[in-house]
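Visitor: Before anything else, here's the structure in question.
There are 2 protein chains.
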Amino acid sequence: MRYSQLFSKTSRDFPKDEVSSNAQLLIKAGYIYKEMAGAYAYLPLGLRVVEKIKQIVREEMNNIGGQEIIMTALQRKELWEKTDRWDDEKVDVWFKSALKNGTEVGFGWSHEEPISEMMKNYINSYKDLPIYVYQFQTKLRNELRAKSGIMRGREFVMKDMYSYSTTEEAHQKFYDATIDAYLKVFERVGLGDLTFLTFASGGAFTQFSHEFQTITEAGEDTVYLHREKKLAINEEVLTEEVMNQLGVKKDELEQVKTAEVGNIFSFGPTKSNQLGLNYVDEDGSSKPVILGSYGIGITRLMGVLVERFADEKGIIWPEAVAPYKVHLIGLNLEDENVKQKAESVYQVLKKMNVEVLFDDRLDASAGEKFADADLIGIPYRVVISKRTAEKAELKVRAESKSKEVSLEELFEAFK
Amino acid sequence: MRYSQLFSKTSRDFPKDEVSSNAQLLIKAGYIYKEMAGAYAYLPLGLRVVEKIKQIVREEMNNIGGQEIIMTALQRKELWEKTDRWDDEKVDVWFKSALKNGTEVGFGWSHEEPISEMMKNYINSYKDLPIYVYQFQTKLRNELRAKSGIMRGREFVMKDMYSYSTTEEAHQKFYDATIDAYLKVFERVGLGDLTFLTFASGGAFTQFSHEFQTITEAGEDTVYLHREKKLAINEEVLTEEVMNQLGVKKDELEQVKTAEVGNIFSFGPTKSNQLGLNYVDEDGSSKPVILGSYGIGITRLMGVLVERFADEKGIIWPEAVAPYKVHLIGLNLEDENVKQKAESVYQVLKKMNVEVLFDDRLDASAGEKFADADLIGIPYRVVISKRTAEKAELKVRAESKSKEVSLEELFEAFK
Chain A
1 MRYSQLFSKT SRDFPKDEVS SNAQLLIKAG YIYKEMAGAY AYLPLGLRVV
51 EKIKQIVREE MNNIGGQEII MTALQRKELW EKTDRWDDEK VDVWFKSALK
101 NGTEVGFGWS HEEPISEMMK NYINSYKDLP IYVYQFQTKL RNELRAKSGI
151 MRGREFVMKD MYSYSTTEEA HQKFYDATID AYLKVFERVG LGDLTFLTFA
201 SGGAFTQFSH EFQTITEAGE DTVYLHREKK LAINEEVLTE EVMNQLGVKK
251 DELEQVKTAE VGNIFSFGPT KSNQLGLNYV DEDGSSKPVI LGSYGIGITR
301 LMGVLVERFA DEKGIIWPEA VAPYKVHLIG LNLEDENVKQ KAESVYQVLK
351 KMNVEVLFDD RLDASAGEKF ADADLIGIPY RVVISKRTAE KAELKVRAES
401 KSKEVSLEEL FEAFK
Chain L
1001 MRYSQLFSKT SRDFPKDEVS SNAQLLIKAG YIYKEMAGAY AYLPLGLRVV
1051 EKIKQIVREE MNNIGGQEII MTALQRKELW EKTDRWDDEK VDVWFKSALK
1101 NGTEVGFGWS HEEPISEMMK NYINSYKDLP IYVYQFQTKL RNELRAKSGI
1151 MRGREFVMKD MYSYSTTEEA HQKFYDATID AYLKVFERVG LGDLTFLTFA
1201 SGGAFTQFSH EFQTITEAGE DTVYLHREKK LAINEEVLTE EVMNQLGVKK
1251 DELEQVKTAE VGNIFSFGPT KSNQLGLNYV DEDGSSKPVI LGSYGIGITR
1301 LMGVLVERFA DEKGIIWPEA VAPYKVHLIG LNLEDENVKQ KAESVYQVLK
1351 KMNVEVLFDD RLDASAGEKF ADADLIGIPY RVVISKRTAE KAELKVRAES
1401 KSKEVSLEEL FEAFK
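In the order they appear, the protein sequences are chains A and L.
Using the working numbering, read the first sequence as starting at 1 and increasing by one per residue.
Using the working numbering, read the second sequence as starting at 1001 and increasing by one per residue.
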């Protein structure tokens, strides 16, 4: 992509009411646009990051047998009444409206109910199970406050997966497989070292649910970390009993601020009983299906990445989620020789299937181009200029020193 | 994909209130699920078709310089008041709700306003233009009736593109390029012969807008077709004057029922004037940006494909949008030899990157498997059974006769 063509240019400004550092950076660098508090549009660079995160999650969910679907935003009142989650007193984030005939409708803030209701069409016998389905859904939540940028919004993209199993044992096996898959996702996006499986409060059915918490000052949660054992305990369940159970001592724990990037939850048969989602077992008896629910906040994850990987100059994307791999800067492009060299490097890299953002602007100074590259945060910066002559300058965004390389070495590096 | 694993099995049933033939077929074949009138979930097979259509559209929009973004569903009242399109008397398809602080919000039924408002951040000078942006957005429209299945819904996926140009001439050039790109899209999805560029009523700014109308009895529109000239006239503008202008005579025109699968529209400077979207021209003067708007109903297109390409047995997908290319049916799989052969064909095709749905069920009869394959409508059916011995049976869904081929010939056919 030629930067001269990209419409979402960098800017020094951001909306006055934007207090979160992730959104400020993403707005300045041209990744997102603020529509209103808690609702952001994703511009070409931002959408590329979202899609890369989604693809990593998709691959890991497919690996454990997940099947991708997409449910609706529109929600039926009668359905949510069955599980007593329609009432605003019970769930305080509903957006609601009405059809022309007066029927109330809601906008999906979660999808356990509609997916489980739908499964009544597809689950009859134990032979139909297990089923694992997931979606990347735009969730709408009427949050009272929305001041955390894309980390907590009124409109955001979430991957939610649901598992339908015959028995508690079968369920537990998939639940554990999901923990592994989630840890792989966070590893792949670059948050492996910073993200911890966290014990949090369960529900009617299990003692614990599990969260995946990433250490960041921008987070809203507090957890107690055991680095060696690679686990954490949410403060809400930090009791002597729980510590004993997990084999940790209070003074081994470190209190840290974190953001929840994923959570997984066992509903057991509870929701199936409410909705009448049963299967006929081998012995002919009818049993409730065991339900699990598994979320990853896709756009939240993007926000956490920005919070964690940035310096005073801008964003520093991990390579796996960067919008482009190489930021190619052409300087002195009014010089026909230099211009041809820069163009040729651009074309060769593109042919090699390397994703390149090519700053080919004629009306921007070297200083502006370097500052923009630092702000945008693409992992590798390559400069072609009069000064680099037959060579190129290669710099890793996260490092301070650049080096001169021959074009051969350059192409070799991106093979 | 193994059909035994796919949760969205075929069924003889569909909801009693479902009167449209596209939705009936798609529900029976396991592509979609009806959440409520006009709102459907897309199951694994259905989502694959949607994504294939999107990818074709994406490629053609990128080819003419489109940049992909995604706007928000949530809409600000003040913005839409500027163009006088907030009032329910003016726009009767709004879903509206309220934030916790009482502020009214709407849910996006169209996005000209927010995208154009956003562009005020990125357009200052003539040097910033042209800009072409598009998105695949889930539109929410509070339709009074929703009886056309996925052809007209309360919630549906639309590709909407917007062009921002300096002059009417520059605008017209892109407008014409979009016509070509749209015709390519409809050609690629298999509707080329059935889809006609149609002259429809313009607005304050131009005499005509253009629609792309596909011939189908399930359509809601009536157009007058000139097959030879490959154009049509919407009945709303069928006057002597228009016919003269287009060089056609009344008795050369054929009245047909059609569904609008795309439309393009010139706003001229109108919306820019309302929103204050101006640019500074070379001579230093401030001018309104010329706006064009270009839609393709993605899920509607899928509905039209089903309406057009089906027989009494089920759907017949054009290859470019089919969820899988090959429907591999294994019969007599209790026979270890046959099973191994079917498995090996499945693995070889997968390795060749051929998309295969493998009916590996042990508890379904040959008759059921054939009926399901016809209902699902994948272009090529391959049967491995005791009877086919060292060969395979290959049948094109759209044709009635099958032929025996050697495995070599089979793999050669899908190279």
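Note that beta-carbon positions come from the ideal geometry of N, C-alpha and C, so glycine has one too.
Owing to the predicted nature of the structure, the values given are computational and were not obtained by experimental measurement.
Taking 7 angstroms as the threshold (beta carbon to beta carbon), is residue 7 of chain A in contact with chain L?
Guide: yes
Visitor: Bridge partners for residue 79 of chain A per DSSP, in chain order?
Guide: Paired residue(s): none; residue 79 of chain A is not in a bridge.
Visitor: For the stretch 342 to 356 of chain A against the stretch 293 to 300 of chain A, do three or more pairs of beta-carbon atoms, one drawn from each stretch, fall closer than 8 angstroms, so that the two count as touching?
Guide: With the cut-off at 8 angstroms, the stretch 342 to 356 of chain A and the stretch 293 to 300 of chain A do not touch.
Visitor: By the 9 angstroms beta-carbon criterion, what residues does the stretch 1276 to 1290 of chain L contribute toward chain A?
Guide: Within the stretch 1276 to 1290 of chain L, no residue has a Cβ lying closer than 9 angstroms to any Cβ of chain A.
Visitor: Please state the DSSP three-state secondary structure of residue 142 of chain A.
Guide: coil
Visitor: Who are the near neighbours of residue 95 of chain A in its chain, counting only those whose CB is closer than 6 angstroms to its CB and skipping five residues on each side?
Guide: 107, 140 and 142
Visitor: Starting from residue 1107 of chain L, follow the beta strand (DSSP E) in both directions and report where the run begins and ends.
Guide: Its beta strand (DSSP E) spans residues 1104 to 1107.
Visitor: Please classify residue 1392 of chain L: does DSSP put it in a helix, a strand, or coil?
Guide: The answer is strand: DSSP assigns residue 1392 of chain L an E or B state.
Visitor: How about residue 1029 of chain L and residue 1362 of chain L: are their beta carbons less than 7 angstroms apart?
Guide: For residue 1029 of chain L and residue 1362 of chain L, no; Cβs fall outside 7 angstroms.
Visitor: Give a yes or no on whether the C-beta atoms belonging to residue 1178 of chain L and residue 1266 of chain L are separated by under 7 angstroms.
Guide: no
Visitor: Which residues in the same chain as residue 1366 of chain L place their Cβ atom closer than 6 angstroms to its Cβ, once the five residues preceding and following it in sequence are excluded?
Guide: 1331
Visitor: So, helix, strand or coil for residue 368 of chain A, using DSSP?
Guide: helix
Visitor: Apply the 10 Å Cβ neighbour rule to residue 1410 of chain L and answer buried if 16 or more other Cβ atoms are within range, or exposed otherwise.
Guide: buried
Visitor: What runs of the beta strand (DSSP E), each 3 residues or longer, lie entirely inside the stretch 1245 to 1288 of chain L?
Guide: 1254 to 1268, 1278 to 1280 and 1286 to 1288
Visitor: Ignoring anything shorter than 3 residues, give me the beta strand (DSSP E) runs that lie fully in the stretch 1316 to 1388 of chain L, in order along the chain.
Guide: 1326 to 1330, 1356 to 1359 and 1380 to 1384
Visitor: Would you verify that the beta carbon of residue 1100 of chain L is, or is not, closer than 7 angstroms to some beta carbon of chain A?
Guide: yes
Visitor: Who are the neighbours of residue 1322 of chain L on chain A, taking C-beta pairs under 9 angstroms?
Guide: Neighbours of residue 1322 of chain L on chain A: none; closest Cβ ~17 angstroms, over 9 angstroms.
Visitor: Within 7 angstroms (strictly less), CB to CB, does residue 1246 of chain L reach chain A?
Guide: No - not a single Cβ of chain A is within 7 angstroms of the one on residue 1246 of chain L.
Visitor: Using a Cβ-Cβ distance under 7 angstroms, would residue 90 of chain A count as near chain L?
Guide: no
Visitor: Counting C-beta neighbours from all protein chains within 10 Å, is the total for residue 55 of chain A 16 or more, i.e. buried, or is it exposed?
Guide: exposed
Visitor: Which of the three DSSP states is assigned to residue 405 of chain A in this structure?
Guide: strand
Visitor: Less than 7 angstroms between CB atoms is the rule here; does residue 131 of chain A satisfy it with respect to chain L?
Guide: yes
Visitor: How many whole angstroms separate the CB atoms of residue 423 of chain A and residue 221 of chain A, which I take to be in contact at a CB cut-off of 8 angstroms?
Guide: Given that chain A is displayed from residue 1 to residue 415, the structure contains no residue 423 of chain A and the question cannot be resolved.
Visitor: How many Å lie between residue 335 of chain A and residue 383 of chain A at the Cα?
Guide: 15 angstroms
Visitor: Which residues in chain A sit within 9 angstroms of residue 1379 of chain L, going by Cβ to Cβ distance?
Guide: Residues of chain A with a Cβ closer than 9 angstroms to the Cβ of residue 1379 of chain L do not exist; the shortest Cβ-Cβ separation is about 22 angstroms.
Visitor: Going by beta-carbon coordinates alone, are residue 1419 of chain L and residue 1053 of chain L separated by less than 7 angstroms?
Guide: Since the first residue of chain L shown is 1001 and the last is 1415, residue 1419 of chain L is not available in this structure.
Visitor: By alpha-carbon positions, which one of A:208, A:181, A:110 and A:358 ends up nearest to residue 63 of chain A?
Guide: A:181
Visitor: Kindly list the residues whose CB is nearer than 6 angstroms to the CB of residue 1073 of chain L, restricted to its own chain and excluding five residues on each side of it in sequence; keep chain order.
Guide: Contacts found: 1107 and 1108.
Visitor: Once DSSP output is grouped into helix, strand and coil, what is the label at residue 1137 of chain L?
Guide: The answer is strand: DSSP assigns residue 1137 of chain L an E or B state.
Visitor: What residues in its chain sit with their C-beta under 7 angstroms from that of residue 170 of chain A, if we drop five residues either side in the sequence?
Guide: Answer for residue 170 of chain A: 130, listed in chain order.
Visitor: Can you tell me the Cα-Cα spacing of residue 1224 of chain L and residue 1264 of chain L, whole angstroms?
Guide: 19 angstroms
Visitor: Between the stretch 1149 to 1169 of chain L and chain A, which residues of the former have CB atoms less than 8 angstroms from a CB of the latter, in chain order?
Guide: 1154 and 1155
Visitor: Excluding the five sequence neighbours on either side, which residues of its own chain have a C-beta within less than 7 angstroms of the C-beta of residue 1348 of chain L, listed in chain order?
Guide: Counting only Cβ-Cβ distances below 7 angstroms, and skipping sequence neighbours, we find 1411.
Visitor: Determine, using beta-carbon pairs with one atom in the stretch 390 to 408 of chain A and one in the stretch 33 to 44 of chain A, whether at least three such pairs fall under 8 angstroms.
Guide: no
Visitor: Suppose you measure from the CA of residue 91 of chain A to the CA of residue 98 of chain A; what does that come to, to the nearest Å?
Guide: 18 angstroms
Visitor: Using a C-beta to C-beta distance shorter than 7 angstroms, which residues of chain L count as neighbours of residue 70 of chain A?
Guide: Near residue 70 of chain A (Cβ distances below 7 angstroms), the residues of chain L are 1041, 1042 and 1047.
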